[in-house]
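Residue numbers (the working numbering), protein chains in the order written: chain A, 1 to 350; chain B, 1001 to 1326.
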């Protein structure tokens, strides 16, 4: 399920995969495109089932879907090494799956079941997988950005060349934690890539009503941090920008601030409609024309890479994976009541 | 046994733990080049270098989060807040991230870290710099809250806190740094969650923690001159609270006064009284009384400040009241 490519192809500098001339043979490029498409399809079909499960009451609480933004997760994760780190916010299902987490364990977590990645105690907003260096899943807007700087600090402390990638929405750039973290990351030269997923809406507030300077990459300039703005509906544009940022982080411990320009096709969470009170149906439909899956599919069609029937086959596989995750989660038992008291504190001898 | 100040005892603990475990580092405002705002970290930069003793910008929330992130991937940070008053800016990180990470990750991410710094009232620092935060922090599951009252306890408890795999909030008495006491040399630890009977008597139990332990001992000395011998139970940690130690003492004395620096409402003392009424209802000969800061922000004027703070005369009056002597 993971779209990670082998580590040895990723230590090299700026990826130019979109041009198909980064040294990889053409068939590798085709297989990479297929992997990326597969990743996005799985995320999409998985989350469509999340919406359904939410409506049926199988998923409770807040449920923030990522639909429309999948090129960011698929593109970024495809550039990371297994020993890199990822820290993210509450819109984390797609990122978790793209990083390689089992859709079964993610769905079981959403269902609040024992086999969920956090044993049913974290839920939608708190997906974690230590084995994949996936460090959550955090629910306070921008509150996790300093954590990423801390992971960067630990990498530097140990002298490694890993990178910590941190995802957050554009509304987080107005939070103090964001500024404090970027300042320290730049001051101390920490190997971090800060990724703003700019879907234009912080819950129901459009960016122009919340952010004095809509050029959010300019926030990095205040901390002498390079940044760029990326068409994040194009998975290869994402890969290119992330590749450049990873190279800077690995070789110079230079953090980067990337703005991924995207759009969410659903509401902020399952509690609000996709369109209605804060944006128009027309706006939504206009943006859905640049569905990242469509954009990649068209590119592959144009290159003759996606013969008739192939897309449907991949899509059917994605649907089957989502169904399998649902079935697994549905059968997983609720956590035993004894779990209530577990993991509050680690048992220590002191 | 050598006599050390509370400050030097803390420094010994830091130094010994920095030597013992290279995953341990100290981070905070002015901890390195300035040698510590309260000089607890004096000399450590020279010995351990700038990756182990780290000066930060004035960004409590930010560097608390940096510590948490580093603990998630295996380091053992000690985050110094210049005072706990400033740590309020970081409370989201302490409460929403550090305290809950283990639980919400289903046990995947322990938080082996310490948040430490001066706490409690000082002298004429007014409302924003003179307050005690332990009841706020003790409210949070997932944290341990430590409040040493003596130099020996400060060293042994800090070493335990650093070695603990949980987030430990370590509240040093701002007015205690210059106090002196005998401190064992070399490596020793004091278990978190265990109270200490600092004085023995049978007339009344005084429960105290942090700076108020010294006040309780003054009270014990003064009452001894009148032939009244009291137990002084030093909680040492307020989360977890050693309920058994409190109950054992109250079952013997049948009376109790709880002394604390914080405000009355929802204070640590309120919790202690709750434990006492549950554990020792039939043993009590009088209602348990509390001595605490008056329910006002700390005033600047000397006379008002004195009136606001809990002190020995107030505690003596409370003991006499529960003994029906006043």
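Ideal placement from N, C-alpha and C gives every residue a C-beta, glycine not left out.
Thinking C-beta only, is residue j closer than 9 Å to residue i?
i	j	result
residue 1114 of chain B	residue 1063 of chain B	no
residue 1247 of chain B	residue 1201 of chain B	no
residue 1010 of chain B	residue 1158 of chain B	yes
residue 1094 of chain B	residue 1140 of chain B	yes
residue 1106 of chain B	residue 116 of chain A	yes
residue 1096 of chain B	residue 140 of chain A	yes
residue 1025 of chain B	residue 1053 of chain B	yes
residue 137 of chain A	residue 90 of chain A	yes
residue 1070 of chain B	residue 85 of chain A	no
residue 1047 of chain B	residue 1004 of chain B	no
residue 391 of chain A	residue 178 of chain A	A query on residue 391 of chain A cannot be resolved here, the shown segment of chain A reaching from 1 to 350 and no further.
residue 203 of chain A	residue 63 of chain A	no
residue 1078 of chain B	residue 1116 of chain B	yes
residue 78 of chain A	residue 28 of chain A	no
residue 348 of chain A	residue 1196 of chain B	no
residue 1315 of chain B	residue 1245 of chain B	no
residue 1297 of chain B	residue 1127 of chain B	yes
residue 1101 of chain B	residue 1142 of chain B	yes
Which residues in chain A have a C-beta closer than 8 Å to the C-beta of residue i? List them in chain order.
i	result
residue 1106 of chain B	116, 117, 118, 119, 120, 121, 122, 128, 343
residue 1142 of chain B	344, 345
Just to check my reading of the structure: residue i and residue j have Cβ atoms closer than 8 Å, yes? What is that Cβ distance to the nearest angstrom?
i	j	result
residue 246 of chain A	residue 1072 of chain B	Actually they do not touch by this definition, with Cβ atoms about 20 Å apart.
residue 1013 of chain B	residue 1155 of chain B	5 Å
residue 293 of chain A	residue 44 of chain A	6 Å
residue 1319 of chain B	residue 1183 of chain B	Actually they are not in contact, since the Cβ atoms of residue 1319 of chain B and residue 1183 of chain B sit about 30 Å apart, beyond 8 Å.
residue 1305 of chain B	residue 1238 of chain B	Incorrect: roughly 24 Å between the Cβ atoms, too far for contact.
residue 325 of chain A	residue 103 of chain A	4 Å
residue 1326 of chain B	residue 1312 of chain B	Not a contact, Cβ separation roughly 15 Å.
residue 227 of chain A	residue 217 of chain A	4 Å
If I measure Cβ to Cβ from residue i and keep anything under 6 Å in the same chain, skipping five residues before and after, which residues do I get?
i	result
residue 199 of chain A	262, 263, 264
residue 53 of chain A	59
residue 15 of chain A	Since pLDDT at residue 15 of chain A reaches only 36, below the 50 mark, its modelled position is unreliable, and no value is offered.
residue 33 of chain A	300
Anything in chain B within Cβ reach of residue i, meaning under 8 Å, just list it in chain order.
i	result
residue 183 of chain A	1057, 1059, 1062
residue 146 of chain A	1061, 1062, 1063, 1064, 1065, 1066, 1068, 1069, 1093
residue 180 of chain A	1057, 1059, 1061, 1062, 1063, 1065
residue 151 of chain A	1069, 1070, 1072, 1073
residue 143 of chain A	1065, 1092, 1093, 1096, 1097
Whose Cβ in chain A lies nearer than 9 Å to the Cβ of residue i?
i	result
residue 1109 of chain B	128, 130, 135, 136
residue 1051 of chain B	156, 157
Residues in the same chain with beta-carbon distance under 7 Å from residue i, minus the five sequence neighbours each way, listed in chain order, please.
i	result
residue 1321 of chain B	1289
residue 149 of chain A	181, 184, 185, 190, 192
residue 1324 of chain B	1286
residue 155 of chain A	162, 164, 191
residue 109 of chain A	116, 117, 118, 120, 122, 123, 127
residue 47 of chain A	65, 66, 67, 93, 94
residue 230 of chain A	237, 238, 241, 258, 259, 260, 261
residue 1262 of chain B	1132, 1134, 1135, 1268, 1292, 1293
residue 98 of chain A	3, 39, 43, 73, 74, 77
Output, in chain order, the set of chain B residues within a Cβ distance shorter than 9 Å of residue i.
i	result
residue 60 of chain A	Near residue 60 of chain A there are no residues of chain B at all, since even the closest Cβ is about 15 Å away, more than 9 Å.
residue 195 of chain A	Under the 9 Å cutoff, chain B gives no residues; its nearest Cβ is about 16 Å from residue 195 of chain A.
residue 346 of chain A	1102, 1107, 1110, 1111, 1112, 1164, 1165, 1166
With distances taken Cα to Cα, identify the nearest neighbour of residue i among the options.
i	options	result
residue 173 of chain A	A:220, A:150, A:336, A:45	A:220
residue 408 of chain A	A:275, A:150, A:292, A:293	With chain A represented from 1 up to 350, any question about residue 408 of chain A goes unanswered, as that position is not in the structure.
residue 1208 of chain B	B:1291, B:1252, B:1019	B:1291
residue 1021 of chain B	B:1074, B:1219, B:1198	B:1074
residue 1194 of chain B	B:1206, B:1153, B:1181	B:1153
residue 224 of chain A	A:333, A:76, A:187	A:187
residue 1211 of chain B	B:1119, B:1163, B:1087, B:1059	B:1119
residue 73 of chain A	A:37, A:104, A:56, A:62	A:37
residue 1280 of chain B	B:1253, B:1261, B:1295, B:1265	B:1253
residue 1273 of chain B	B:1205, B:1300, B:1296	B:1205
residue 253 of chain A	A:300, A:42, A:194, A:288	A:194
residue 1007 of chain B	B:1151, B:1199, B:1283	B:1151
residue 113 of chain A	A:216, A:297, A:329	A:329
residue 1233 of chain B	B:1190, B:1160, B:1031, B:1199	B:1199
Less than 8 Å between C-beta atoms, sequence neighbours within five positions excluded: which residues of the same chain meet that for residue i?
i	result
residue 21 of chain A	Reliability fails at residue 21 of chain A, whose pLDDT of 42 lies under 50, so the model's placement of it is uncertain and no value is given.
residue 283 of chain A	275
residue 308 of chain A	none
residue 1122 of chain B	1129, 1130, 1174, 1175
residue 1034 of chain B	1055
residue 1001 of chain B	1182, 1183, 1184, 1185
Using a cut-off of 7 Å between C-beta atoms, extract the partners of residue i located in chain B.
i	result
residue 140 of chain A	1092, 1096
residue 177 of chain A	1061, 1062, 1065
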